[in-house]
Ligand code: MIG
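See below:
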């Protein structure tokens, strides 16, 4: 390691020691809420908060009552270790209680490394929403980590509802589920009215500052809730197709030679991938938008090579700016007054990777516009149109700051204290970055921006990942509820570092993580600077083969996944969903977090135990049929099954009644696969019916929006006729691509003939179709179809 690096990491270590991460009970506004408001009446809470904001006299009375002195309550200033937070505008806090009648299952409020079902907080910490950089965060913890979405969902069999608490200051949520007596109205005389016990969940929201601005969403179905929430915060941006491929990252790919070698490694080992990533070491001493001139002498040439391979590059761009008058980005921002200020009105300076740094004030629209312009090809030297962006450290992370973040009394545009907008800082950086990438393409192409910090609505700007996880089985396990929670809070494009960022995964764990990641929305392998190299081919032939298989499965699945993203984009359906979303009446699904649905058709159960030989899989639904995706075995109303597993693969099931579009083979990256034919996987339900869809467009531009250049197809199997028709007449897109193969699972008897007809050729004769039937699995395979994917056609089975 170079000496410079050692210095930096010791800077951070020291900061971590001193940061003294807080437990909720030590936060002044929380203690005040607890004293003022024992959590009983809604009106009292409201009153208390108003009183608190405007009337310090009242506060003193309460202080006397509670015999605590003002200092201890942190009213005007608060200490965090050696840091002092001065509350220039005086103390404030707001809170409100909600009672959810009949509910005992609540979800949401990411980001926590916690279970999918929210837990009772009565004898524990509240859930904290406060964006923080927590390296190797603990698991099963309610501490705030990188992102915050103050949106909670409550579910009971006949209704889903939601509470969206729009506040970007530090927020705490207490949850208390209890049994209450309810009077049952009856026709008998009043003295014998019946009572019954019903669950009730009380949710107490508290924020450090701001106003009460809360939305109650009424559902009644989970999908209604997703739509209602999207009306307030927006839907998932449609990602460019390449970003749904596999991403290869590490801290750091050292130089051009290294990039070239890793890129070639994928071809040598016949593993598809789309994007290689460069971490902070690619820059000139952590000056973002620059290149280390020794390691990356010819960034354009390097990108040219990747482009020829139809691949992309992602580089990291952090929000902290090195204090260096010779660094144009710094001097210009300084001159224009674009940095966050400290409480005395000077540019805020903190320590981060480059050493002394100032922080761009992304809350200011003028700063965002200026920042967006930095991504123009003219400004960003050495960047080309295959370069996309990763925003890290945007909680913001400030080494040697209280809890490793910015002083709450720092000041933003328009005199907002940092405490007011803290949880929005990363949101605005990603927004500006995405705008920059769109702008640089003249408004033509969709951006790709990955962010670590996020807030409600971040889905509009790109993808998020779960930060610095650890290469341990328990972190693989918790990544599932974490991603599910982020997904139902509106952010579909999410993932966890495959392999675990910190440490070195044993090969078995790495393999299992690839198999899980292949069925999750954002799929990126990443590793810490201290971790050993772990490109997919470094663990022996056998493991390489299995990882290759997992990644190839991902690539064949892309038509389905892309179609799911189109639905997320247009109708706010999460791509990755908890089982209860698909089976809202099945109580047994409400707490399930070791398996999930990908869209409405695939049920995925990652293997998260070391040396597992079996896993228990719940196949829900009392009148559902399920099919093993690999062996096509049909299972009618199965319930919970013990499924044998080997290292080869993880259990994935297709739900009867669905059609899943796949590619028949894979290419070196998504762009090599444009013309590869489709396979349609039809899984019949108990009534021999199935329906599904396919969305496709050019994969990268906004033409789908502006010129309606897209295809949206619908496939129906009904009464032994399988048809393809247009699902949206507005969309037009020309493609030569064909449906080559159709697999129909659950066909009870061997047909005597199969014919296909193109609807456009009314005069044309029906064409005989080559088919094979496997009686053992009841699978009918139709081959060599060559039916254009954009055409209307019918296949008749007799
Ligand atoms: O404190 O840029 O989560 O993915 O590799 C470490 C270096 C800073 C944290 C990110 C991680 C990234 C690393 N960054």
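In our numbering, the protein residues as written are 115 to 912.
Beta carbons are placed, not taken as given, at the ideal position from N, Cα and C, and that holds for glycine.
Give the single residue among the options whose Cα lies nearest to the Cα of residue i.
i	options	result
residue 212	300, 658, 329	329
residue 62	658, 667, 660, 613	The structure shown does not extend to residue 62, since the chain is modelled only from 115 through 912, so no value can be given for it.
residue 278	203, 867, 263	263
residue 767	668, 792, 740	740
residue 65	523, 257, 398	Residue 65 falls outside the range modelled here, since the chain spans only 115 to 912, and no answer is possible.
residue 246	627, 581, 698	581
residue 563	595, 503, 597, 750	503
residue 381	592, 425, 231, 752	425
residue 599	853, 615, 827, 578	578
residue 608	810, 369, 567, 715	567
residue 311	296, 841, 323	296
residue 734	691, 753, 727	753
residue 233	287, 799, 902	287
residue 692	217, 231, 545	231
residue 352	515, 144, 537, 682	682
residue 834	796, 214, 841, 825	796
residue 573	557, 596, 727, 544	544
Which residues does DSSP pair with residue i in a beta bridge?
i	result
residue 504	430, 564
residue 93	Any answer about residue 93 is impossible in this case: the structure gives the chain only from 115 up to 912.
residue 577	564
residue 559	815
residue 265	278
residue 910	835, 869
residue 772	797, 805
residue 222	266
residue 616	584
residue 758	728
residue 361	389, 638
residue 212	317
residue 294	312
residue 887	894
Roughly how many whole angstroms lie between the Cα atoms of residue i and residue j?
i	j	result
residue 396	residue 244	30 angstroms
residue 174	residue 517	Low local confidence applies: a pLDDT of 29 at residue 174 is under 50, so the model's placement there is unreliable, with the coordinate-based value given in what follows. Those two C-alpha atoms are separated by around 29 angstroms.
residue 478	residue 321	23 angstroms
residue 496	residue 815	23 angstroms
residue 632	residue 317	36 angstroms
residue 169	residue 473	With a pLDDT of only 28 at residue 169, under the threshold of 50, the placement of this residue in the model should not be trusted, and no figure is reported.
residue 326	residue 685	28 angstroms
residue 465	residue 813	40 angstroms
residue 273	residue 267	11 angstroms
residue 593	residue 227	8 angstroms
residue 852	residue 498	33 angstroms
residue 708	residue 624	18 angstroms
residue 808	residue 389	25 angstroms
residue 836	residue 746	19 angstroms
residue 291	residue 383	53 angstroms
residue 265	residue 610	21 angstroms
residue 458	residue 699	57 angstroms
residue 161	residue 319	Confidence in residue 161 is poor, its pLDDT being 32 and thus under 50, which makes the residue's placement unreliable; the coordinate value appears in the next sentence. Their backbone Cα atoms lie some 14 angstroms apart in a straight line.
residue 558	residue 670	27 angstroms
residue 892	residue 869	19 angstroms
Is DSSP giving residue i helix, strand or coil here?
i	result
residue 520	coil
residue 645	coil
residue 627	helix
residue 366	coil
residue 372	helix
residue 172	Residue placement at residue 172 cannot be trusted, given a pLDDT of 31 that sits under 50; the coordinates are not used to answer.
residue 383	coil
residue 611	coil
residue 155	For residue 155, the predicted model reports a pLDDT of 34, less than 50, meaning its position is unreliable and no value from the coordinates is stated.
residue 377	helix
residue 893	strand
residue 196	coil
residue 203	coil
residue 828	strand
residue 350	coil
Is any beta-carbon of chain D found at less than 9 angstroms from that of residue i?
i	result
residue 543	The structure shown has no chain D; it contains just one protein chain.
Can you tell me whether residue i sits near the ligand FAD, meaning its C-beta is under 8 angstroms from at least one heavy atom of the ligand?
i	result
residue 401	The ligand content of the structure shown is limited to the ligand MIG, which means the ligand FAD is not among them.
- Query: For the segment 407-477, which segments carrying the beta strand (DSSP E) assignment without a break, of at least 3 residues, lie completely within its bounds, in sequence order?
  - Reply: 426-430, 434-436, 464-466, 469-473
- Start-end ranges of the beta strand (DSSP E) lying completely within the segment 711-756, minimum 3 residues: 716-718, 728-733, 739-742, 748-750
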